[in-house]
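Q: As they're listed, the protein sequences go chains A and B.
The numbers in the working numbering rise by one with no breaks, and the one at position 108 of the first sequence is 108.
The numbers in the working numbering rise by one with no breaks, and the one at position 63 of the second sequence is 178.
Each residue gets a CB set at the ideal place from its N, CA and C atoms; glycine is no exception.
2 protein chains.
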Amino acid sequence: MTTLEVLGRSACCTPVTADAMSRADAQAVAHALKALAEPARVQIISLVAASSDAEACVCDLQDALGLSQGTVSHHLKVLVDAGFLQRSKRGTWAYYRLIPGALESVAAALTAPRR
Amino acid sequence: MTTLEVLGRSACCTPVTADAMSRADAQAVAHALKALAEPARVQIISLVAASSDAEACVCDLQDALGLSQGTVSHHLKVLVDAGFLQRSKRGTWAYYRLIPGALESVAAALTAPRR
Numbered sequence: 001m002t003t004l005e006v007l008g009r010s011a012c013c014t015p016v017t018a019d020a021m022s023r024a025d026a027q028a029v030a031h032a033l034k035a036l037a038e039p040a041r042v043q044i045i046s047l048v049a050a051s052s053d054a055e056a057c058v059c060d061l062q063d064a065l066g067l068s069q070g071t072v073s074h075h076l077k078v079l080v081d082a083g084f085l086q087r088s089k090r091g092t093w094a095y096y097r098l099i100p101g102a103l104e105s106v107a108a109a110l111t112a113p114r115r
Numbered sequence: 116m117t118t119l120e121v122l123g124r125s126a127c128c129t130p131v132t133a134d135a136m137s138r139a140d141a142q143a144v145a146h147a148l149k150a151l152a153e154p155a156r157v158q159i160i161s162l163v164a165a166s167s168d169a170e171a172c173v174c175d176l177q178d179a180l181g182l183s184q185g186t187v188s189h190h191l192k193v194l195v196d197a198g199f200l201q202r203s204k205r206g207t208w209a210y211y212r213l214i215p216g217a218l219e220s221v222a223a224a225l226t227a228p229r230r
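What follows is the structure, encoded as C-alpha cells:
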C-alpha cells in the first residue's frame, strides 16, 4: 500500500482541519506533500494532466522542462512511488498518467468543513 | 506579498492540472507545499484548527506534540512566513490561528476540473 493509499483511507476520517490528527496520519499527509513539493514535480503533474490523452512520456517532459532524462526519470520515480502517477511501458517509451483521485486525496486532507 | 498570496492569485488562472503551469507558478505551489510537508507542521495546522476558538498558543502545541518550545516556535515561524498561520501577541503568549482560505488555495492549486 502506498503512502497515498494510507492517506486516502485516513483522509475520510481525520482531515487536517477537522480534528487533531494523529502522528501517523500527519506523517502520511506530510510524505505525500513532500513528494509534490518540488517545482519540477509540480510541473510534471501539470504537464501530464495537460497532455493529449492525459498521458506523457519522458521525452515529452524532458523537452518541456529543459532537464536531463536522468533528472526527469528521478522525479517521475518519486511521483510513482508516492502514488500520484502510474507508469506503463509501450515499445521503447514509458508513459505516465495521473492516478485518478490521488491529488484529490491530498486536497481533501488539507481542507474539510470547519467545526 | 507571501508565496501563498502569489499562489492564491495564480491558482485561479493556472491550477496544476488545468494546463501546463509556468515555472514561476510551480515554484510558488512547491514552496507552499514544502512549508506543510513536515509531520509536526501538519499536526500544528490540525491542532490549531481543532482548538477552541480555532486558536492555539505555543504552550498548548508544545504539550500536544511533545516537542521543545524552540522546535515548535521554529515550525510556527515557517507556517507564518508561508502564509498559513497568523500570530497575535496577547500578554505573555503569542496565539496562532489559520489564515482563512490559505489551505484552500493550495488544495485548489492541486485540483481543478479536468479538460
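Have a look at Cys59/A, His74/A, Ala20/A, Ala26/A and flag the residue whose alpha-carbon is nearest the alpha-carbon of Glu38/A.
A: Numbered from its first residue, the first sequence carries residue 38/A at position 38. Nearest of Cys59/A, His74/A, Ala20/A, Ala26/A to Glu38/A, Cα basis: His74/A.
Q: Quick one: does Arg161/B have its CB under 9 Å from some CB of chain A?
A: The residue labelled residue 161/B in the question sits at position 46 within the second sequence. For the sequence presented, residue 161/B should be read as Ser rather than Arg. True, the Cβ-Cβ gap to chain A drops below 9 Å.
Q: What residue range is occupied by the uninterrupted beta strand (DSSP E) comprising Ser137/B?
A: The residue given as residue 137/B occupies position 22 in the second sequence. Per DSSP, Ser137/B belongs to no beta strand (DSSP E) and is neither H nor E.
Q: For Leu63/B, report the span of its alpha helix (DSSP H) as first-last.
A: Because chain B spans 116 through 230 in this model, residue 63/B falls outside it and cannot be assessed.
Q: Would you kindly check if the distance between the Cβ of Leu194/B and the Cβ of Tyr210/B is under 9 Å?
A: Position 95 of the second sequence, counting from 1, holds the residue named residue 210/B. Position 79 of the second sequence, counting from 1, holds the residue named residue 194/B. Their beta carbons are not under 9 Å apart, which means Tyr210/B does not touch Leu194/B by this criterion.
Q: If you scan the stretch 187 to 219 of chain B from start to end, which runs of the beta strand (DSSP E) of 3 or more residues do you find wholly inside it?
A: 200 to 205, 208 to 213, all fully within the stretch 187 to 219 of chain B.
Q: Report the residues of the stretch 150 to 177 of chain B with a CB closer than 8 Å to any CB of chain A, ordered along the chain.
A: Taking 8 Å as the Cβ-Cβ cut-off against chain A, the residues of the stretch 150 to 177 of chain B that qualify are Leu151, Ala152, Glu153, Pro154, Ala155, Arg156, Val157, Gln158, Ile160, Ser161, Leu162, Ala164, Ala165, Ala169.
Q: Would Arg233/B pass as an interface residue toward chain A - the criterion being a Cβ-Cβ separation below 9 Å?
A: Residue 233/B cannot be examined here, being either before or after the span of chain B that is shown, 116 to 230.
Q: Which residues, in order along the stretch 183 to 197 of chain B, keep a beta-carbon less than 7 Å from a beta-carbon of chain A?
A: The stretch 183 to 197 of chain B vs chain A, Cβ under 7 Å: nothing.
Q: Tell me the rounded alpha-carbon separation between Ala179/B and Leu191/B.
A: Taking the second sequence and counting its residues from 1, one reaches residue 179/B at position 64. Taking the second sequence and counting its residues from 1, one reaches residue 191/B at position 76. Rounded to the nearest angstrom, the two C-alpha atoms are 14 Å apart.
Q: Taking beta-carbon pairs under 9 Å, can you tell me which members of the stretch 85 to 111 of chain A lie near chain B?
A: Answer in chain order: Leu98, Leu103, Glu104, Val106, Ala107, Ala108, Ala109, Leu110, Thr111.
Q: Which residues bound the alpha helix (DSSP H) around Ala37/A?
A: What you label residue 37/A is simply residue 37 of the first sequence in a count that begins at 1. Careful: Ala37/A lies outside any alpha helix (DSSP H) and carries neither H nor E.
Q: Would you kindly work out how many angstroms separate the C-alpha atoms of Ala224/B and Val48/A, rounded to a whole number?
A: Reading the second sequence from its first residue, position 109 is the one you call residue 224/B. Reading the first sequence from its first residue, position 48 is the one you call residue 48/A. Their backbone Cα atoms lie some 15 Å apart in a straight line.
Q: Roughly how far, in whole angstroms, is the beta-carbon of Leu213/B from the beta-carbon of Leu200/B, given that I think they are within contact range, below 8 Å?
A: Translated into the one-based positions of the second sequence, residue 213/B becomes position 98. Translated into the one-based positions of the second sequence, residue 200/B becomes position 85. Right, their Cβ atoms sit about 6 Å apart.
Q: Have a look at the DSSP bridge pairing and note the partners of Glu55/A.
A: Walking along the first sequence from the start, residue 55/A turns up at place 55. For Glu55/A, which the question treats as bridged, DSSP gives no partner whatsoever.
Q: Pick out whichever of Asp25/A, Gln27/A, Ser46/A, Ala40/A has its Cα sitting closest to the Cα of Gly69/A.
A: What you label residue 69/A is simply residue 69 of the first sequence in a count that begins at 1. Position check: residue 69/A holds Gln in this sequence, whereas Gly was assumed. Gln69/A has its Cα closest to that of Ala40/A, out of Asp25/A, Gln27/A, Ser46/A, Ala40/A.
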